[in-house]
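Below is one structure, written out as structure tokens; comments come after it.
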Amino acid sequence: MNTTVIVVVALALVSVLALLFLRKLKSGEDAAKQQDESPALTPEQEELLGLSQTPGEDGLPFMFALTTCRHCKKTKEYLDANDAKYHLLFVDEFHGKNRSDLMDKVRSYNPRGSFPTIILPGGKVVVGFREQLLREALFHDSAVIAESSQGNS
């Protein structure tokens, strides 16, 4: 009699555990499905996503940033204060596959995946708020390029 009770209790326990496992598995699939379903992008986000595939090739620096990053904010303030033209993409404003693709792109230029990551025309990469590097790359190099193109005309 005792053995029968133990077997019945064990079967009931296994059944409950199996149901809990299946429920958790199902909720995990739903969460993964929701993560892949990104909200619709704005036209500006669509444009930035396209430009992010070949950053810097249109002649303007491209900055990958986070809305919460203090170094990103300082870099943006520096660029704005110096009237620099650039593209700015906040990676944390994207979701699901778009975000993971953007992080892959950032890591292709900056393996640590840190922010800001700025891709300059010509392929030079500046990581973090590096005022001197930015000044040299954006203002000195561009002045040299402008002077040489004027001299060739």
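The sequence shown: position 120 = 122 (the working numbering), numbered continuously. All C-beta atoms, glycine included, are put in the ideal place defined by N, C-alpha and C.
message = On the DSSP bridge list, what partners appear for T119?
response = F66, V129
inquiry  = So for T6, helix, strand or coil by DSSP?
reply    = helix
Contact under 8 Å by Cβ, G1 with P123 = In the structure displayed, the chain extends from 3 to 155; residue 1 sits before or after that span and is not available.
request  = Would you check if the distance between the CB atom of V127 and the CB atom of V108 is smaller than 8 Å?
outcome  = no
Which listed residue (K26, V9, L19, L43) has its alpha carbon closest to that of K99 = L43
ask   = From which residue to which residue does the alpha helix (DSSP H) around H97 run?
value = First-last for H97: undefined, no H or E at that position.
task = Please report how far the alpha carbon of T69 lies from the alpha carbon of S17, in whole angstroms.
result = 47 Å
ask   = Helix or strand or just coil, what does DSSP make of L91?
value = In this structure, L91 counts as strand in the three-state DSSP scheme.
key: Opening and closing residue of the alpha helix (DSSP H) in which R72 lies   = Per DSSP, the continuous alpha helix (DSSP H) segment holding R72 begins and ends at 72-83.
Sub-8 Å separation of L140 and P63 beta-carbons = yes
query = How about L50 and H89: do their beta carbons lie closer than 8 Å?
reply = The answer is yes: Cβ separation under 8 Å.
message = Which of the three DSSP states is assigned to A145 in this structure?
response = With a pLDDT of 47 at A145, under the threshold of 50, the modelled position of this residue cannot be trusted, and the question is left open.
request  = Measure the C-alpha to C-alpha separation of R137 and G130 and round it to an integer number of angstroms.
outcome  = 13 Å
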